[in-house]
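Q: Here you go, one structure.
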Amino acid sequence: SPTELATPSFAAAALGGQVLGNGMIGDTLWVALATKITTDHPFCGRRVKDAARSADFVPLYLETKYQTIHGWDLLEINLAAGDLLYLTMPAVGLEQLWRTTPPQMMVM
Numbered sequence: 014s015p016t017e018l019a020t021p022s023f024a025a026a027a028l029g030g031q032v033l034g035n036g037m038i039g040d041t042l043w044v045a046l047a048t049k050i051t052t053d054h055p056f057c058g059r060r061v062k063d064a065a066r067s068a069d070f071v072p073l074y075l076e077t078k079y080q081t082i083h084g085w086d087l088l089e090i091n092l093a094a095g096d097l098l099y100l101t102m103p104a105v106g107l108e109q110l111w112r113t114t115p116p117q118m119m120v121m
């Protein structure tokens, strides 16, 4: 439906990213997008392969200040603020790109 196709675009725009495309695989809408890693991004400081496993996405490539990283090397990179990560993921998982973990309460 048009709503299902438009929702990922609005979500990506809200994240400061862009949707590169989308498609259906079975009953699942997959979205290819670029997301800018910021200091508050839930993937900041994590290895690409660890973030991909926990958030159920497929990394495509990464643009840093100095290089573009593809292939197997991409999986071992630690994501840093300013990086631009290109990925594809099920549309139902887009919320993970802006979800933040609340700080732990301090016990005295």
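Heads up: the sequence shown is residues 14 to 121, going by this note's numbering.
Think of the CB as a built atom: it goes at the ideal place given N, C-alpha and C, for glycine as much as any other residue.
Can you list, in chain order, the residues of its chain with a C-beta nearer than 7 Å to that of residue 117? Leave out the 5 residues immediately preceding and following it.
A: As a position in the sequence shown, residue 117 is number 104, starting the count at 1. Because residue 117 carries a pLDDT of 43, less than 50, the predicted location of this residue cannot be relied on, and the following value inherits that uncertainty. Nothing listed; no residue qualifies.
Q: May I ask which residues mark the beginning and end of the alpha helix (DSSP H) holding residue 78?
A: Within the sequence shown, the letter at position 65 stands for residue 78. Where residue 78 is concerned, there is no enclosing alpha helix (DSSP H), given that its DSSP letter is neither H nor E.
Q: May I ask you to report which of helix, strand or coil DSSP gives residue 36?
A: By one-based count along the sequence shown, residue 36 stands at place 23. Note: residue 36 maps to strand in three-state DSSP.
Q: Give me whichever residues DSSP pairs with residue 72 in a beta bridge.
A: In the sequence shown, the residue the question calls residue 72 occupies position 59. Answer is 100.
Q: Can you name the start and end residues of the alpha helix (DSSP H) that residue 84 belongs to?
A: Your numbering for residue 84 matches position 71 in the sequence shown. Looking at the DSSP string, the run of the alpha helix (DSSP H) that includes residue 84 is 84-88.
Q: Out of 106, 107, 95, point me to the one whose CA is closest to residue 53's CA.
A: On the sequence shown, position 40 is the one that residue 53 refers to. Measuring from the Cα of residue 53, the nearest candidate turns out to be 95.
Q: Between the Cα of residue 128 and those of 81, 46, 86, spot the shortest distance and give me the residue it belongs to.
A: An answer regarding residue 128 cannot be provided, because it is not within the stretch 14 to 121 covered by the chain.
Q: Which of the three DSSP states is assigned to residue 59 in this structure?
A: Locating residue 59 in the sequence shown gives position 46, counting from the first residue. Of the three classes helix, strand and coil, the one that applies to residue 59 here is coil, per DSSP.
Q: Answer yes or no: do residue 72 and residue 100 have a C-beta to C-beta separation smaller than 8 Å?
A: In the sequence shown, counting from the first residue as 1, residue 72 sits at position 59. In the sequence shown, counting from the first residue as 1, residue 100 sits at position 87. Yes, the Cβ-Cβ distance between residue 72 and residue 100 is below 8 Å.
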